[in-house]
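Sequence lines, in order, name chains Z and X.
Position one of the first sequence corresponds to residue 1 (this note's numbering), numbered consecutively onward.
Position one of the second sequence corresponds to residue 1001 (this note's numbering), numbered consecutively onward.
The structure appears right after this line, and notes come after that.
2 protein chains.
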Amino acid sequence: MSVAIWSRREATSRAALEFVRQCLPLLEAEGLLGGRSAAELSDLVEVCSSLESAVKGASYVQENYPEDMETKRAIYATLDAACAPETIIASSASALPASAFTEALAGRGRCIVAHPVNPPYLIPATEVVPAPWTTQESVKKTCEILSDAGQVPVVMSREIDGFVVNRLQGALLNEAFRLVGEGYVGIEDIDVAIKNGLALRWSFMGPFETIDLNAPGGVRDYVSRYDGLYNNLLSQMQGKSQWLGDVLDRIEASRRAQLPLDAHVERQAWRDRRLMALAAHKMEDDERIGR
Amino acid sequence: MSVAIWSRREATSRAALEFVRQCLPLLEAEGLLGGRSAAELSDLVEVCSSLESAVKGASYVQENYPEDMETKRAIYATLDAACAPETIIASSASALPASAFTEALAGRGRCIVAHPVNPPYLIPATEVVPAPWTTQESVKKTCEILSDAGQVPVVMSREIDGFVVNRLQGALLNEAFRLVGEGYVGIEDIDVAIKNGLALRWSFMGPFETIDLNAPGGVRDYVSRYDGLYNNLLSQMQGKSQWLGDVLDRIEASRRAQLPLDAHVERQAWRDRRLMALAAHKMEDDERIGR
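Shown next, in the form of structure tokens:
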């Protein structure tokens, strides 16, 4: 297995390669390379000078162009012409479905969305979203390739705007903006309620296993106990809350007080170090305590 | 500092004490007792035979009666009469606000909700929700006592049904039930999207810091890039989705296939071991990588 990087601007490709080379030793130190060495893996990644040479012989292409329909249509036409018929062409689109930019292509059956979560090399969940014409064989092959690369596919049966991740995130954010905007709670308190609260259980169980364990009789018991409560809450939670104006000014001010913009890149590196350590920790716990 | 347990049924108090005694050595082994020993702390917990003796000299009472308005009113009347005027009387109510059961009390100024997240001894976030007549002094004292006990208060400025935690959880669950109910994605895929996706970042940053780091210009840049996307998604996400009937049957069947009900208690113990290990891991990362 080897990885070819191609971008319209060669400087972008070089920066990507540099990023990979910086990350690999950190991943090795956390025991996250499955026993292989940073040096060995680094040698498998190369920058190509043309799209055609990058996709030559590829079993899988991950397309990362800007999320604009015409831009996607153009690059997909180029990729479909350049790739061998058996190559999967997966898009990193986070909300645009593959049906929006692959309908007219001869090879549309091997086109699919494989939406990673940022930062992709540390967040395993990857949304696999077939267009109506994507073949089942392509879905299967995409999942196999992602799994081999250490990702965990979340396979959708059909397309919906925002897929799963951004819909779940949007639902939670919408209520967070509402509670902050209407002055019930502070901005940092929302982060505390999640990072010292809900996300601890969610980080190794997910929401359904969490509620299943939160009532003596399991999930059916949980819903029968709390459906009335949630009916009441959800009746108050309708509509998009205000994300702009005063509430955004306050959130921006709070975040900048904690993190000046010139420390942003450094903080992203901190986030990635924490995610690496968390990945190593979860692997160890899976072994020691069980999954 | 010592802790007195009292319950209407002495067997319940004994079971609570037994639970504490079982947990302490596990917490000690994970380095979560702040350098104190399980034996030393175990000696500070006692069962009392009457409510009056349990609250005598207490600076803080945590009330855990069933969440029913009349039940809460009755126990609060008893507690308000039995406690010294300076004792804080905090309720574990998860959705009922303190104003629903403390209005008529002479000591209503020291009554408050302090809603812990299950399991309370491993989830630090605790919602502190004052009634309109709760004094600021009582809010402050509640936060100090919770912080001393290793909890992290999430302080609300005023009451709202479901507080913060259950509103954020309800928003996310509602969309999860919708996506499963309408057949877009499998039940386990929802858990994967969270436990291998969104909750990894949330578990040490929370949702606002997450989006702040997800756009080069911070949270304002993030919202200006994605507000249109979320407007579209949220317009499709209105109303309570179906939580009962076929979707609940399928979720129950999926959960029971993974975990028979007779293994439920054992799995809760597994969850708690994972939460202990995660707490120890986060403490270590705060030190090693920074918070």
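The beta-carbon is built from N, C-alpha and C at its ideal position, and this holds for glycine as well.
Exercise. Provide the residue(s) that pair with M156 of chain Z in DSSP beta bridges, ordered along the chain.
Key: X:V1185
Quiz item: Under 8 Å Cβ-Cβ, which residues of chain Z neighbour V1113 of chain X?
Solution: Those do not exist, as V1113 of chain X stays about 13 Å from chain Z at its closest Cβ, beyond 8 Å.
Exercise. Kindly indicate the opening and closing residues of the beta strand (DSSP E) around E209 of chain Z.
Key: Note, E209 of chain Z: premise wrong, no beta strand (DSSP E); alpha helix (DSSP H) at 199-212.
Quiz prompt | Residue-chain proximity (G1170 of chain X, chain Z), Cβ-Cβ < 9 Å | solution = yes
Exercise. Could you tell me which residues DSSP pairs with C111 of chain Z in its beta bridges?
Key: Z:I89
Quiz prompt | CA-to-CA distance, I75 of chain Z to R14 of chain Z, given in whole angstroms | solution = 20 Å
Self-check item: Under 9 Å (Cβ pairs) to chain Z, residues found in the segment 1222-1249 of chain X
Solution: V1223, S1224, Y1226, D1227, L1229, Y1230, N1231, N1232, L1233, L1234, S1235, Q1236, M1237, Q1238, G1239, K1240, S1241, W1243, L1244, L1248, D1249
Quiz prompt | Whole-angstrom distance between V247 of chain Z and V292 of chain Z, CA atom to CA atom | solution = Any property of residue 292 of chain Z remains undetermined from this structure, which presents chain Z solely from 1 to 291.
Quiz item: Is the beta carbon of R256 of chain Z sitting closer than 9 Å to the one on G1206 of chain X?
Solution: no
Exercise. Quick one: residues in its chain with C-beta nearer than 8 Å to the C-beta of C23 of chain Z, no 5 flanking neighbours on either side, listed in chain order?
Key: Y121, D272
Practice problem: Run down chain X in chain order and give the residues with a C-beta less than 9 Å from the C-beta of D80 of chain Z. | Solution: Simply none; closest approach about 26 Å.
Quiz item: Going along chain X in order, which residues have a C-beta closer than 8 Å to the C-beta of W133 of chain Z?
Solution: Those do not exist, as W133 of chain Z stays about 18 Å from chain X at its closest Cβ, beyond 8 Å.
Self-check item: Beta-carbon neighbours of Y184 of chain Z, restricted to chain X and to distances below 8 Å
Solution: M1156, S1157, R1158, I1160, V1164
Quiz item: Are the segment 1080-1097 of chain X and the segment 1108-1127 of chain X touching by the rule of at least three beta carbon pairs closer than 8 Å?
Solution: yes
Exercise. Could you check if S1091 of chain X is buried or exposed, using at least 16 other CB atoms within 10 Å of its CB as the buried criterion?
Key: buried
Practice problem: If I'm right that P1132 of chain X touches S1099 of chain X with Cβ under 8 Å, what's the distance once you round it to whole angstroms? | Solution: 6 Å
Quiz item: Do the segment 188-208 of chain Z and the segment 1226-1235 of chain X meet, that is, are 3 or more Cβ pairs less than 8 Å apart?
Solution: no
Practice problem: Return helix, strand or coil for T1134 of chain X, following the three-state DSSP convention. | Solution: coil
Quiz item: To which residues of the same chain is R267 of chain Z closer than 8 Å at the C-beta, ignoring the five residues directly before and after it?
Solution: L259
Practice problem: For E46 of chain Z, name the three-state secondary structure that DSSP assigns. | Solution: strand
Quiz item: Shortest alpha-carbon distance to V55 of chain Z belongs to which of Z:T71, Z:W6, Z:E30?
Solution: Z:W6
Quiz item: With which residues is T126 of chain Z paired in a DSSP beta bridge?
Solution: Z:P116, Z:P153
Quiz prompt | Rounded distance between the beta-carbons of I1194 of chain X and L168 of chain Z, thought under 8 Å | solution = 7 Å
Practice problem: Taking R108 of chain Z as the reference, give the member of Z:C83, Z:P119, Z:T126, Z:E127 with the closest Cα. | Solution: Z:C83
Practice problem: Consider the Cβ of V1003 of chain X: report whether some Cβ of chain Z lies at a distance smaller than 9 Å. | Solution: no
Quiz prompt | alpha helix (DSSP H) segments (min. 4 residues) lying fully within the segment 1002-1073 of chain X | solution = 1010-1029, 1038-1042, 1051-1055
Quiz item: With 9 Å set as the bound, which would you pick, yes or no: does the beta-carbon of Q22 of chain Z sit closer than that to a beta-carbon of chain X?
Solution: no
Self-check item: Under 9 Å from the C-beta of S1147 of chain X: neighbouring residues of chain Z
Solution: Correct list: empty, because the minimum Cβ distance to chain Z is about 12 Å.
Practice problem: Using a Cβ-Cβ cut-off of less than 8 Å, list which residues of the segment 190-202 of chain Z approach chain X; keep chain order. | Solution: I190, D191, V192, A193, I194, K195, N196, G197, L198, A199, L200, R201, W202
Quiz item: Quick one: what does DSSP say I1075 of chain X is sitting in, helix, strand or coil?
Solution: helix
Quiz prompt | Closest Cα partner of N1174 of chain X within the set X:R1110, X:D1043, X:L1044, X:L1234 | solution = X:L1234
Practice problem: Could you name the residues of the same chain whose beta carbon sits closer than 8 Å to that of C48 of chain Z, not counting the 5 residues immediately before and after it, in chain order? | Solution: A4, I5, W6, S13, A54
Practice problem: With a 10 Å radius around its C-beta and 16 neighbouring C-beta atoms as the bar for buried, classify K140 of chain Z as buried or exposed. | Solution: exposed
Exercise. Please state whether DSSP places D1161 of chain X in a helix, a strand or coil.
Key: coil
Quiz item: Does the Cβ of A1253 of chain X have 16 or more other Cβ atoms within 10 Å, making it buried, or fewer, making it exposed?
Solution: exposed
Quiz prompt | chain Z residues whose Cβ lies nearer than 8 Å to that of N1064 of chain X | solution = Correct list: empty, because the minimum Cβ distance to chain Z is about 15 Å.
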